[in-house]
Every structure is written in C-alpha cells, then in structure tokens.
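Written below as structure tokens is the structure these notes are about.
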Amino acid sequence: MTIPRYDDIRDLSLRTDAELIPQLTAALEGGYRRQVWVMLLDDESRLLPVVLPTDVPVEPTWDDVTGFAEFLACLSMDFHSATLVVTYERPGPVDRTARDRRWLRVLREACVESGMPFRGPYLLTGSQVRQVAPDDYLTTPLLETDDDEDLDDGL
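Quick note: the sequence shown uses the working numbering, first residue -16, plus one each step.
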C-alpha cells in the first residue's frame, strides 16, 4: 500500500479502531526498527499533520513512563483538544512477546499520566498495526523478570 498523502486523508474522521488502524498501517509501512510513533487526532477524530517517531531502547525502564508522560504533557500544551495515537514498532516476528507487553504497558501508563485522551497503544510488527487489548498487558510487570519467556528472543 502506498503511504497516504495528508491532503488525501485530512478530512477522514477515524472514530473507530476499524477506521484508524488501516490508516496507521499504510502510513507506518512496517516494523523495521524499535521506535514509538505519536500522532494526533483533532476533536473530530481527523489526523493532524503531526507525526513524531522516537527511537526507544530494547527494554523499557521506570524512567520511560515519566519521560514519555512529560513529553506527551508538553504536546498537550500546543494541542490541548487533541487525542494521542501511540504505536510501538519493532522488527521481528509478529507474535507478541513479554517485551512488547512491557512497552505497551509503559506507553499506556505514560498516556494516562499525561492527562491527554489517547487511542492505543498499538503494536506494529511485520507489515501490520494491531490493537492489543489492555487485559493482555496491564498485569505485565514494567520491568523484565527472570521468568520472562523471551529473554533471548533477539528482538
């Protein structure tokens, strides 16, 4: 799929995940590196022309919650009526890992702490953005534990 041009999608209202996820999949193309994408929706759920990628380390830390929350809170000063759209991207197999769950939890905690409304966080692996139910990661410890099944998953 060709990356959509902003002029072609700026009037689309993306009120549901079924409407939003295909646009994210087209815009982000695929899971090639470890990073977090932040996009914004206006008060009518239309994408704003703001796309902020940021590289992240392999494993999240407690500081990542605070750091992302502060970053997102700064965005709220300029985009106070916007809704965050947060996607975690990583290379490798499409199967969710304990590490994915940790990152999704960190991102959700940061979104909540920022006080901004948000959608996601979504997971981008392979060539697809997927929604992950909060029940799948909210009980995951924020930090790596000795009994994680993917300690040596190479991701």
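The beta-carbon is built from N, C-alpha and C at its ideal position, and this holds for glycine as well.
Within the same chain, and ignoring the five residues on either side of Gly109 in sequence, the residues whose Cβ sits closer than 7 Å to its Cβ are Gly13, Gly14 and Val77. The three-state reading of DSSP puts Asp(-6) in coil, since its state is none of H, G, I, E or B. Looking only at Ala81, Asp(-10) and Val68, the smallest Cα-Cα distance to Leu11 is reached by Val68. Per DSSP, the continuous alpha helix (DSSP H) segment holding Pro5 begins and ends at Asp0 to Leu11.
The C-beta of Ala1 has fewer than 16 other C-beta atoms within 10 Å across all chains shown, which makes the residue exposed.
Cβ neighbours of Leu121 within its own chain (closer than 7 Å, five residues either side excluded): Arg88. Within its own chain, the residues whose Cβ lies closer than 8 Å to the Cβ of Leu(-3), once the five positions on either side in sequence are excluded, are Leu3, Gln6, Leu24, Ser28, Arg29 and Leu30, listed in chain order. By a beta-carbon distance limit of 8 Å, Ala9 does not contact Pro32. Their separation comes to about 15 Å. Uninterrupted beta strand (DSSP E) stretches at least 3 residues long and entirely within the region 64 to 121 occur at 66 to 72, 101 to 108 and 111 to 114, given in chain order. In the DSSP assignment, Val34 falls outside any alpha helix (DSSP H) and within the unbroken beta strand (DSSP E) covering Leu30 to Asp38. For Arg84, the closest of Glu127, Val39, Asp46 and Val34 by C-alpha to C-alpha distance is Glu127. Per DSSP, the unbroken beta strand (DSSP E) holding Leu23 starts and ends at Gln18 to Leu24. Annotation: the continuous alpha helix (DSSP H) that includes Thr49 extends over Trp45 to Asp61. Burial state of Leu35 is exposed, judged by a 10 Å Cβ sphere holding fewer than 16 other Cβ atoms.
Arg16 places its beta carbon less than 8 Å from that of Glu72. Distances from the alpha-carbon of Glu96 to those of Val48, Asp26, Pro117 and Asp119 put Val48 closest.
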